[in-house]
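Residue numbers (our numbering), protein chains in the order written: chain A, 336 to 547; chain B, 336 to 547.
Ideal placement from N, C-alpha and C gives every residue a C-beta, glycine not left out.
What you are looking at is a predicted structure, and each value in this text was computed from that prediction instead of being measured.
This report concerns only the one structure given below.
Number of protein chains: 2
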Amino acid sequence: MRIAELSQTTGVPVPTIKYYLREGLLPAGELTSPNQARYDDRHVQRLRLVRVLLDIGRLPIATIRDLLTELDRPDPDVHEVLGRALPATVGTRETSDPAMLAAAHERVRSLIKERGWLLSDNARTRQSAAEVVAAFQQVGADVEHLLEQYADLAEQIAVHDLRFVAQAGGNEGKLHAAVVGSILGDSLLAALRRMAQEHESAKMFGIRDDSC
Amino acid sequence: MRIAELSQTTGVPVPTIKYYLREGLLPAGELTSPNQARYDDRHVQRLRLVRVLLDIGRLPIATIRDLLTELDRPDPDVHEVLGRALPATVGTRETSDPAMLAAAHERVRSLIKERGWLLSDNARTRQSAAEVVAAFQQVGADVEHLLEQYADLAEQIAVHDLRFVAQAGGNEGKLHAAVVGSILGDSLLAALRRMAQEHESAKMFGIRDDSC
């Protein structure tokens, strides 16, 4: 298909597609003449993936490019993608108090040890976790209970996530599922959490009727 | 304290503090002369909160302003804050296929009904959930299992979250805890989920040694 049809199929405007091509988020089409290229279903799928990572994941262009590079490696390794590329998608913070951050790193280290989590030397997820723990402390909130409770639940979530990855066909399918499940999973969990919070809040604090 | 001391205490540069003052993220100090103002501990706390919402929550300025307006209402209602201001913090997507989005809305409606969740008419969390469900489908992923599993876990997370809110003192403290817990909670959960995923992935796919 030509770029106009690719645009029509995906709902992404042609100038935006050209921007993604320039930024390396979409592989070039097959040249059929010096200024015309042909695109196929793989471009449709890649374009949809890019949109999801941008709109739902709100990931920076550079992070998406890194993820897609992992996806396109000749002999991709599912564990590598989960362990190396995806940690970058967790928000980070650089303004924490150094002493608080050091204490938070120590807390995260002991959490990992207690739980026997097998983690690579890649420090990014640990860094993210420590930054969030430090941020709780910086605003005067005691995170200790939440940390253990969330870690319990994160273990259960991860089991579901890896099943979601495992049931996809082929290495490429598994990688796609890993990226989609991780990024969209964060948003799905956040949206469901907000609804469940509102329900719990209604039970705990009651609904105040401001209309009368 | 003067603005220079406020900057020193919080590590936030003076021009940034002035920007937050102009944007209404920080209440004005008490004027001690026509061009000098005095700030207190409330400014320190508010400034730390703003930084956390910006850096970890990655929230837009306008959303933070709305949240802070809720916090500063004379008779704040914890349930209202959770139900009205916080949903805006979940990423949204506007490019979904309309038919897919309509089907996703129907799926979210039935989920809420089955679970007996008490939700206000505020449509934002439902909209977010439907958009994420539609996004899964748009990239060809079957979200059905994850949706039910995540909903189970979201209910457990929300119980912990509301306990975290309830144990804070006073209405103001509860509101602060609701905002901090919701925003930082998303990031904490995401960071722990990534670590737990890596652990599960190591168990499931094994660790490939590329060094030899």
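Under the three-state reduction of DSSP, which class applies to Ala-503(B): helix, strand or coil? Along the second sequence, read from residue 1 onward, the residue named residue 503(B) stands at position 168. Here Ala-503(B) sits in coil by DSSP.
Does Ala-489(A) pass the burial test, meaning 16 or more other C-beta atoms within 10 Å, or should it be called exposed? Here residue 489(A) is taken as the residue at index 154 of the first sequence, counted from 1. That one is buried.
Using a beta-carbon distance below 9 Å, is Ile-396(B) in contact with chain A? Counting from one through the second sequence, the residue named residue 396(B) turns up at place 61. No - not a single Cβ of chain A is within 9 Å of the one on Ile-396(B).
So the beta strand (DSSP E) Ser-463(A) belongs to, where does it begin and stop? Taking the first residue of the first sequence as position 1, residue 463(A) is located at position 128. Run containing Ser-463(A): none in the beta strand (DSSP E); it sits in the alpha helix (DSSP H), 459 to 473.
Looking at C-alpha atoms only, which residue of Arg-529(A), Leu-366(A), Asp-487(A) and Val-514(A) is the closest neighbour of Asp-521(B)? Against the second sequence, residue 521(B) aligns to sequence position 186. Comparing Cα positions, the closest option is Arg-529(A).
Of the residues Leu-497(B), Arg-337(B) and Leu-527(B), the one placed nearest Arg-373(B), counting alpha carbons only: Along the second sequence, read from residue 1 onward, the residue named residue 373(B) stands at position 38. When each option's Cα is compared against that of Arg-373(B), the closest is Arg-337(B).
Going by the beta-carbon positions, is the gap between His-534(A) and Ala-434(B) smaller than 9 Å? Position 199 of the first sequence holds residue 534(A). Position 99 of the second sequence holds residue 434(B). In this structure, Ala-434(B) does not lie closer than 9 Å to His-534(A) by Cβ.
Among Val-416(A), Asp-412(A) and Gly-346(A), nearest to Ile-399(A) - alpha-carbon criterion: As a working note, residue 399(A) is residue 64 in the first sequence. That would be Val-416(A), whose Cα lies nearest to the Cα of Ile-399(A).
Under the rule that 16 or more other beta-carbon atoms within 10 Å means buried, what is Arg-461(B), buried or exposed? For this step, residue 461(B) is matched to residue 126 along the second sequence. Looking at its Cβ environment, which holds 16 or more other Cβ atoms inside 10 Å, Arg-461(B) is buried.
Show which residues of chain A have a CB atom less than 7 Å away from the CB atom of Asp-521(B). Residue mapping note: residue 521(B) aligns to position 186 of the second sequence, counting from 1. Correct list: Ala-525.
Cβ-based neighbour list, Gly-364(B), same chain, cut-off 6 Å, excluding 5 preceding and 5 following: Taking the second sequence and counting its residues from 1, the one referred to as residue 364(B) is at position 29. Cβ within range, chain order: Ala-372, Arg-373 and Tyr-374.
Please check if any C-beta of chain B sits within less than 9 Å of the C-beta of Glu-535(A). On the first sequence, residue 535(A) is found 200 positions in, with the first residue counted as 1. Closer than 9 Å: yes.
Chain A within 9 Å of His-480(B), Cβ atoms only: Taking the first residue of the second sequence as 1, we reach residue 480(B) at position 145. Output row for His-480(B): interface = yes.
Counting pairs of beta carbons, one from the segment 467 to 480 of chain B and one from the segment 433 to 451 of chain B, are three or more of them closer than 8 Å? yes
Counting only C-beta atoms, is Gln-343(B) closer than 9 Å to chain A at any point? Taking the first residue of the second sequence as 1, we reach residue 343(B) at position 8. Taking Cβ atoms only, chain A never reaches closer than 9 Å to Gln-343(B), which makes this a no.
Evaluate Gly-451(A) with the Cβ neighbour count: other Cβ atoms within 10 Å of its Cβ, from every protein chain shown; 16 or more gives buried, anything less gives exposed. As a working mapping, residue 451(A) is identified with position 116 in the first sequence. Burial call: exposed.
Counting only Cβ-Cβ distances shorter than 7 Å, please list the residues of the segment 485 to 499 of chain A near chain B, keeping chain order. Tyr-485, Ala-486, Leu-488, Ala-489, Glu-490, Gln-491, Ile-492, Ala-493, Val-494, His-495, Asp-496, Leu-497 and Phe-499
What residues match up with Leu-394(B) in a beta bridge as DSSP calls it? Walking along the second sequence from the start, residue 394(B) turns up at place 59. The partner list for Leu-394(B) (beta bridge, DSSP) is empty, contrary to what the question assumes.
Proximity to Val-478(B) [Cα-Cα], best of His-378(A), Arg-377(A) and Ala-513(A): The sequence position of residue 478(B) within the second sequence is 143, counting from 1. Ranking the options by Cα distance to Val-478(B), first place goes to Ala-513(A).
Is it right to say Leu-523(A) is buried, meaning 16 or more other beta carbons lie within 10 angstroms of its own, or is it exposed? Looking up residue 523(A) in the first sequence gives position 188. When all chains shown are included, Leu-523(A) counts as buried.
Gly-508(B) to Ala-503(A) span [Cα, whole Å]: Within the second sequence, the letter at position 173 stands for residue 508(B). Within the first sequence, the letter at position 168 stands for residue 503(A). If you take the alpha carbons of Gly-508(B) and Ala-503(A), they lie about 46 Å apart.
Going straight from the alpha carbon of Leu-481(A) to that of Phe-499(B), what length do you get? Numbered from 1 along the first sequence, position 146 holds the residue referred to as residue 481(A). Numbered from 1 along the second sequence, position 164 holds the residue referred to as residue 499(B). About 8 Å.
C-beta atoms of Val-387(A) and Val-515(A) nearer than 9 Å: Indexing the first sequence from 1 puts residue 387(A) at position 52. Indexing the first sequence from 1 puts residue 515(A) at position 180. A contact, by the Cβ cut-off of 9 Å.
Can you tell me whether Ala-486(B) is helix, strand or coil according to DSSP? One-based indexing of the second sequence puts residue 486(B) at position 151. Here Ala-486(B) sits in helix by DSSP.
If I measure Cβ to Cβ from Arg-383(A) and keep anything under 8 Å in the same chain, skipping five residues before and after, which residues do I get? Here residue 383(A) corresponds to residue number 48 of the first sequence, with the count starting at 1. Closer than 8 Å at Cβ, skipping near neighbours: Thr-345.
For chain B, check one thing: does any of its Cβ atoms lie closer than 9 Å to the Cβ of Tyr-406(A)? Numbered from 1 along the first sequence, position 71 holds the residue referred to as residue 406(A). The sequence shown places Leu at residue 406(A), rather than the Tyr named in the question. Answer no: the Cβ-Cβ gap between Leu-406(A) and chain B never drops below 9 Å.
Do we get a CB-CB distance below 9 Å when we pair Thr-460(B) with the residues of chain A? Here residue 460(B) refers to the residue found at position 125 when the second sequence is read from its first residue. Answer yes: the Cβ-Cβ gap between Thr-460(B) and chain A drops below 9 Å somewhere.
Would you mind working out which of Ile-518(A), Met-539(A) and Ala-525(A) sits nearest Gln-532(B), comparing C-alpha positions? Residue 532(B) sits at position 197 when you count from the first residue of the second sequence. It is Ile-518(A) whose Cα lies nearest to the Cα of Gln-532(B).
Using DSSP with H/G/I as helix, E/B as strand and the rest coil, what is Arg-373(A)? Here residue 373(A) refers to the residue found at position 38 when the first sequence is read from its first residue. Of the three classes helix, strand and coil, the one that applies to Arg-373(A) here is strand, per DSSP.
Taking Ser-342(A) as part of the alpha helix (DSSP H), name the residues at either end of that continuous run. Locating residue 342(A) in the first sequence gives position 7, counting from the first residue. Ser-342(A) -> alpha helix (DSSP H) spans 338 to 345.
Cβ closer than 7 Å: which chain B residues qualify as neighbours of Arg-383(A)? Start at 1 with the first residue of the first sequence, and residue 383(A) comes out as number 48. Gln-473 and Val-474, listed in chain order.
Is the separation between the beta-carbon of Ala-464(B) and that of Leu-389(A) shorter than 9 Å? Translated into positions along the second sequence, residue 464(B) becomes position 129. Translated into positions along the first sequence, residue 389(A) becomes position 54. Contact flag unset, no.
Supposed contact pair His-414(B) and Ser-536(A) - C-beta distance, whole angstroms, cut 8 Å: Within the first sequence, residue 536(A) is the residue found at index 201, counting from 1. Within the second sequence, residue 414(B) is the residue found at index 79, counting from 1. Going by Cβ atoms, the distance from Ser-536(A) to His-414(B) rounds to 5 Å, so yes, they are a contact pair.
On the CB-based measure, 16 or more other CB atoms within 10 Å of its CB, does Gly-541(A) come out buried or exposed? The residue given as residue 541(A) occupies position 206 in the first sequence. Looking at its Cβ environment, which holds fewer than 16 other Cβ atoms inside 10 Å, Gly-541(A) is exposed.
Assigned exposure category for Ala-486(B) - 16 Cβ within 10 Å defines buried: The residue labelled residue 486(B) in the question sits at position 151 within the second sequence. So Ala-486(B) ends up on the buried side.
Under a Cβ-count criterion, where at least 16 other Cβ atoms within 10 Å of its own Cβ denotes burial, should Ser-368(A) be classed as buried or exposed? Taking the first sequence and counting its residues from 1, one reaches residue 368(A) at position 33. With fewer than 16 other Cβ atoms within 10 Å, it is exposed.
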